[in-house]
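Visitor:
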Amino acid sequence: MNRIFSTNSEDRWPEFPPRSYARLDHHEPDDLTAAHEAVFSLDAIDARWFGSPLSARMDLSKPNDTRHQMRDFWAQMFKGGLTPVNDPFDEMPIYNIEVTATRGDRFWNLLISIQEEDWLDVELAQAGTFPVDVYGSLLAAPVTAHLLSLQRMTGDVATALSNAFDVDAWPDAAEWEVDNILSGIGTIDMLAMYDVGQGSAIGLLDSSETVQLFFDLGAGAYGNRKTRPNPLRFCWRGSPSIILSHWDADHWAGENSDHGARARKWLAPRQYNLGPRHHAFAHRILRAGGTLNIWSGAPGTTRSVSNGSGQTLSIKRCSGTSRNGSGIACYLDDVNWQASWLLTGDAGYSEIGSGPSYTLTALTVPHHGADMTHKGASPAMSAPHARLFYSFGPDNKHGRTSISHPTAAAVTAHDGAGWRHGSWSLTAPAQVVAGGDVLATASHSHGTLSAVHLESAVAGWTMAPAVPLSTVPCASACGTKHGCTSSVIQA
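In numbering that gives the first Met the number 0, the protein residues as written are 0 to 490.
1) Checking 8 Å against the spacing of the C-beta atoms, do Pro239 and Leu266 come in under that value?
2) With distances taken Cα to Cα, identify the nearest neighbour of Ala173 among Arg302, Val98 and Asn85.
3) May I ask you to report which of helix, strand or coil DSSP gives Asn292?
4) Tell me the DSSP secondary structure of Asn95 in three-state form.
5) Near Trp107, which residues of its chain fall below 8 Å by C-beta distance, leaving aside the five closest residues on each side in sequence?
6) Rounded to the nearest angstrom, what separates Trp235 and Thr470 at their Cα positions?
7) Assuming Asn1 contacts Ile93 (C-beta within less than 8 Å), just tell me the rounded distance between them.
8) My output table needs one value for Ser485: the three-state DSSP class, helix, strand or coil.
9) Check this for me: beta carbons of Ala361 and Ala458, under 8 Å apart or not?
10) Is Ala21 buried or exposed, if buried means 16 or more other CB atoms sit within 10 Å of its CB?
11) Let's see if you can read the secondary structure: which residues bound the beta strand (DSSP E) around Glu36?
12) For Asp30, which residues of its own chain have a beta-carbon under 6 Å away from its beta-carbon, when the five flanking residues on both sides are left out?
13) What did DSSP end up calling Phe280 once you bin it into helix, strand or coil?
14) For a test of the three-state rule: what should DSSP assign to Arg2, helix, strand or coil?
15) Suppose you measure from the CA of Val487 to the CA of Cys473; what does that come to, to the nearest Å?
16) Could you pull the start and end residues of the beta strand (DSSP E) that Trp235 belongs to?
17) Once DSSP output is grouped into helix, strand and coil, what is the label at Val265?
18) Which partner residues of Met192 appear in the DSSP bridge assignment?
19) Which same chain residues, not among the five before or five after Leu312, have their C-beta less than 6 Å away from its C-beta?
20) From which residue to which residue does the beta strand (DSSP E) around Val210 run?
21) Per the DSSP calculation, Arg22 is bridged to which residue(s)?
22) Since Gly494 sits in a beta bridge, which residues does DSSP pair it with?
23) Any idea what DSSP makes of Gly219, helix, strand or coil?
24) Can you list the alpha helix (DSSP H) stretches of 4 or more residues lying completely in the stretch 388-431, in chain order?
25) Can you round the beta-carbon distance between Thr484 and Arg232 to whole angstroms, since I take them to be within the 8 Å contact cut?
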């Protein structure tokens, strides 16, 4: 197992790499146009590892050889069976480097110009004038280092790195494989948003409160690791599959604390320019005997399956160009209730486009309530009863910035579309339990009040289900040795 996934915070990759090769994983805020501060998360590998015996498949001086070697490796991994020889992923030293910058800083102009396809040469030191936070695992505390140099890479080494981490080496899922995952559910009666901290995990439940399908399986990680409930395990008694909206870690990191998750059927979008941590995660699923179905639907493509009870489950490939905006959105239509649910992942509304057939009675706010107003307006609330879900961690933070989710911009935009936010302040949201149409997984500290987890929440088609759900948390009957941990108490 790669240490980046360790649940023991002491069993992380040590300290920080003096020199690393990295790709931009994400930045916050989403829109940098007028930003005065931002955090840039870099998905990095210790450069000293290349040239070791375990990196034999990734010869940075031979880009074409690297391409052929890794295509052969992934062909064997997706075929299943024995692990290929010269498996690089367990001992690949992967780090998350969070660079917080403000407009006018020495690295600002370079940072805001970085594209997801770029490779960066990063030099760090113990002392310096530009501190950064380095994480050796999802759940480890940061190590402070200082950024000395950050350069965009070109030439054979950059090409070899791109060939080493090339999702074109992963086979496409056949249409019937995608449809099998969508059709493997019965009638859905409830939508549950789980309290996972600063991340997202949603379950589609039947009338017996059994999860039939997960949409994301995220949790707090890195700088937001403390927002993650401990323990955190999901319900597997219905043998559900998992759809990933996109490849950001806070949408799959719940897997690392739940041994029941790995060897499942996963459906994920083909997104290019993924870095080392994403390839290591794909390797982790396949190594455990799981199935990874890669959907290569073009932007705007929809796959829909009807379950025979008047419900149609659809996934849609979003039209954005970033990782957040080019993933999968999911919606469920019920002809009997004349109602729809929309699950957005981190995509903006304009990147999702049209989809649901009926009035929305459940909507998940994009990107945990980040400011996504530049990516389209919220759908209007027009139902007699509906629920607006915010999934975020208590007192979440993003690097060393002042940014926290949900943002005033997101809350104000949704309130303006008719979604009632009850007791929340539009300018300083999430400091109390909202009420109104809102269900949120946390509340932030305020004055003498501490930040708290509000536990998981559930919605029905046209009315609130009775809570708490009576069959969860459950013990070993959950489908795994230790059972699940989620208390669903909000409706």
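All residues carry an ideal CB built from backbone N, CA and C; glycine is no exception.
Guide: Walking through what the data contain:
1) Not in contact: Pro239 and Leu266 (Cβ atoms no closer than 8 Å).
2) Arg302
3) strand
4) strand
5) Ala100 and Thr101
6) 13 Å
7) 6 Å
8) In the structure shown, Ser485 sits in coil (DSSP, three-state: anything other than H, G, I, E or B).
9) Result yes, Cβ atoms of Ala361 and Ala458 sit closer than 8 Å.
10) buried
11) Start and end: Glu36 to Asp45.
12) Excluding sequence neighbours, Asp30 sits near His373.
13) helix
14) helix
15) 12 Å
16) From DSSP, Trp235 is part of no beta strand (DSSP E); its letter is neither H nor E.
17) Note that residue 265 is Trp in the sequence shown, not Val. Look at Trp265 here: in three-state DSSP terms it is strand.
18) Ile201 and Ala456
19) Leu181, Val304 and Leu331
20) Val210 to Leu216
21) Asp42
22) No statement about residue 494 is possible, as the shown extent of the chain runs from 0 to 490 and does not include it.
23) coil
24) 407-415
25) 5 Å
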